[in-house]
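In this text, residue positions in the sequence shown follow this note's numbering: the first is 1, and each later residue adds one.
Backbone N, C-alpha and C fix where the C-beta goes; we use that ideal spot for every residue, glycine too.
This report refers to the structure that appears directly beneath it.
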Amino acid sequence: MAAATHAAHAPHDTLRIKRAGLWLFFFSETILFGLLMSARFFLEGIEREHLDQALGVGITSILVTSSVTAYMAETAIEHDRRGEAMWWLLGTIALGFVFAFGVGYEWATAEFSRHEAFGTVFFTMTGVHAGHVLSGVGLLALVAIQLGRGRFSSKEHWPISGTIMYWHFVDIVWIFFYPTLYLV
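Next comes the structure, spelled out in structure tokens:
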């Protein structure tokens, strides 16, 4: 009887462990991104180079919108609307690519050098963040493929939820990076 009770709780315990692991990962990533933000102020003080404000607002809006589409994907799968979830995931992936393209465009048109203090901080912060965005796009693509193969349901969708939590985390990081780089 005790073994049957333990076995019945095993999936819930496994999910709890996965969630705890993801939150520990977020904690470690918060330290990384916090150190990058600190380096910006330590190396450059309150001065910053001229950045394209319209581009900054544009890519920020794209990333915030991608959080909405990610949320819609998760909500759809929670209600067993797989087709709808797929479209929202694909929209999130597309927005992630547009954001990364915007960052690449800004790198190509930057009026400062990577050899200057601000340039070093700017390219490092945006590069590390863009790497996380592209990792998120890859993870979203993997769960979209699995969704297309019928893997997920309203009861079993942790990979989608975990990936979308990661996506929201990366978006939140940018909400802090944007004013640090573009406004302060």
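Spatial distance of residue i from residue j (CA atoms)
i: residue 38; j: residue 183; result: 15 Å
i: residue 83; j: residue 151; result: 13 Å
i: residue 56; j: residue 178; result: 7 Å
i: residue 164; j: residue 143; result: 10 Å
i: residue 33; j: residue 88; result: 28 Å
i: residue 135; j: residue 49; result: 28 Å
i: residue 175; j: residue 96; result: 15 Å
i: residue 138; j: residue 41; result: 32 Å
i: residue 60; j: residue 13; result: 37 Å
i: residue 72; j: residue 86; result: 10 Å
i: residue 23; j: residue 114; result: 33 Å
i: residue 149; j: residue 21; result: 26 Å
Nearest-angstrom Cβ-Cβ length linking residue i and residue j, presumed shorter than 8 Å
i: residue 108; j: residue 133; result: Between residue 133 and residue 108 the Cβ distance is about 17 Å, and since that is not below 8 Å, they are no contact.
i: residue 92; j: residue 70; result: 5 Å
i: residue 130; j: residue 103; result: 5 Å
i: residue 168; j: residue 67; result: 6 Å
i: residue 117; j: residue 43; result: 5 Å
i: residue 80; j: residue 153; result: 6 Å
Of the listed residues the options, nearest to residue i (C-alpha basis)
i: residue 36; options: 123, 161, 112; result: 123
i: residue 181; options: 90, 120, 166, 24; result: 120
i: residue 173; options: 19, 24, 30, 21; result: 30
i: residue 78; options: 168, 170, 167, 147; result: 147
i: residue 16; options: 112, 40, 170, 161; result: 161
i: residue 62; options: 86, 94, 125, 73; result: 94
i: residue 155; options: 24, 20, 74; result: 74
i: residue 54; options: 105, 21, 18; result: 105
i: residue 140; options: 58, 159, 22, 64; result: 159
i: residue 171; options: 18, 25, 64; result: 64
Near the ligand SAM: residue i beta-carbon under 6 Å from a heavy atom
i: residue 22; result: In terms of ligand content, the structure shown is empty, and the ligand SAM therefore cannot be addressed.
Subject >> Contiguous alpha helix (DSSP H) assignments of at least 4 residues, all confined to the segment 141-184 >> reply: 158-178
Original post:
At which residue ranges does the segment 52-116 contain complete alpha helix (DSSP H) runs of 4 or more residues, listed in the order of the chain?
Top reply: 53-78, 82-109
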